[in-house]
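Residue numbers (my numbering): 72 to 321. Glycine residues also receive a C-beta, built at the ideal position from the N, C-alpha and C atoms. Before any comments, here is the structure.
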Ligand code: FPP
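Below, the structure is given as structure tokens:
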């Protein structure tokens, strides 16, 4: 029985978020430039998107470029941006064929005009697709997003459209970039690093975390199934105790 067949189809996480890490190390192991790792990372993106859509994941968020990534050498930033534009351009057809909607979160205004335009075009072209939503986190960082949300909320107080006691968890969520998506239930990070790196800090409050030593360019469908299988065998208590989840009288 394959790992895919072992998955409980009724317990597929509806939202998976992935910190794709290890492209640079993968390239270095092969005596190549770091960008070679990013190029091969695109194959993993394709495989993962396909696998997730096939098994019924509804939202897949990929951390493609962080706010902090702007501090990398200019050559690498330029190469990553060109790769993004090229990939988005080439993959729009496949996204439509597979009924996948593209969305993006992050400080999109900070992207170069070409990148921004290409992204918006793909977002518009895939807007009515409904099998799965693929969310690219681009020029994204969670603290940036939270600061932004606080500014938006402060303005609403300033112009008296809300009062401070209307601020609750749902209201904060509704003012984040991710307002239209459910919180991720599973967060995967590749490459053996055990960090969250400023990714979806608010949204992953109850997510299960899965860390794998696999470098992102080596990540394949089986690796995704492995993470989901692990997820399905965890007990998600949300602060309760086991017996409450099993409906025992206590
Ligand atoms: C982290 O590896 C990866 C990135 C910063 C970029 C991820 C981008 C891609 C996979 C390519 C395009 C993506 C899409 C969605 C089309 P790293 O460079 O930090 O690796 P290292 O930790 O080994 O140095």
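| message | I'd like the ranges of any beta strand (DSSP E) spanning at least 3 consecutive residues and lying wholly in the region 184 to 225. | response | 203 to 211
| query | In terms of residues, what are the limits of the beta strand (DSSP E) holding residue 174? | reply | Taking the first residue of the chain shown as 1, we reach residue 174 at position 103. Unbroken beta strand (DSSP E) run through residue 174: 171 to 176.
| field | Closer than 8 Å to chain B by CB, residue 90 | value | Note that chain B does not occur in the displayed structure, where there is just one protein chain.
| said: Considering only the alpha carbon of each residue, which of 144, 140, 233 lies closest to residue 104? | reply: One-based indexing of the chain shown puts residue 104 at position 33. Closest option to residue 104, Cα to Cα, is 144.
| message | Given 7 Å as the limit, tell me if residue 116 has its C-beta closer than that to any heavy atom belonging to ligand 3. | response | Absent from the structure shown: ligand 3. Ligands present: ligand 1.
| task | Could you tell me the distance, in whole angstroms, from the CA atom of residue 147 to the CA atom of residue 121? | result | In the chain shown, counting from the first residue as 1, residue 147 sits at position 76. In the chain shown, counting from the first residue as 1, residue 121 sits at position 50. About 27 Å.
| request: State the Cα-Cα distance for the pair residue 294 and residue 167, rounded to the nearest angstrom. | output: On the chain shown, position 223 is the one that residue 294 refers to. On the chain shown, position 96 is the one that residue 167 refers to. Cα-Cα distance, rounded: 25 Å.
| Within 8 Å, strictly: CB atoms of residue 272 and residue 88 | Residue 272 sits at position 201 when you count from the first residue of the chain shown. Residue 88 sits at position 17 when you count from the first residue of the chain shown. The answer is no: Cβ separation not under 8 Å.
| Ordered list of beta strand (DSSP E) runs contained in the region 95 to 161, each at least 3 residues | 130 to 137
| What number of angstroms, rounded off, separates the C-alpha of residue 172 from the C-alpha of residue 185? | As a working note, residue 172 is residue 101 in the chain shown. As a working note, residue 185 is residue 114 in the chain shown. The alpha-carbon atoms of residue 172 and residue 185 are separated by roughly 20 Å.
| Which residues does DSSP pair with residue 260 in a beta bridge? | Start at 1 with the first residue of the chain shown, and residue 260 comes out as number 189. Looking at the DSSP assignment, residue 260 forms a beta bridge with 90, 282.
| For the 8 Å Cβ check, are there 3 or more pairs between the region 230 to 241 and the region 120 to 136? | no
| said: Just checking residue 93 against ligand 1 - is the residue's beta carbon closer than 7 Å to any of the ligand's heavy atoms? | reply: What you label residue 93 is simply residue 22 of the chain shown in a count that begins at 1. Yes - ligand 1 has a heavy atom lying nearer than 7 Å to the Cβ of residue 93.
| query | Can the beta-carbon of residue 175 be found closer than 8 Å to that of residue 217? | reply | Mapped onto the chain shown, residue 175 falls at position 104. Mapped onto the chain shown, residue 217 falls at position 146. Contact flag unset, no.
| task | Note down the Cα distance separating residue 81 from residue 305, rounded to an integer number of angstroms. | result | Numbered from 1 along the chain shown, position 10 holds the residue referred to as residue 81. Numbered from 1 along the chain shown, position 234 holds the residue referred to as residue 305. C-alpha separation (whole angstroms): 15 Å.
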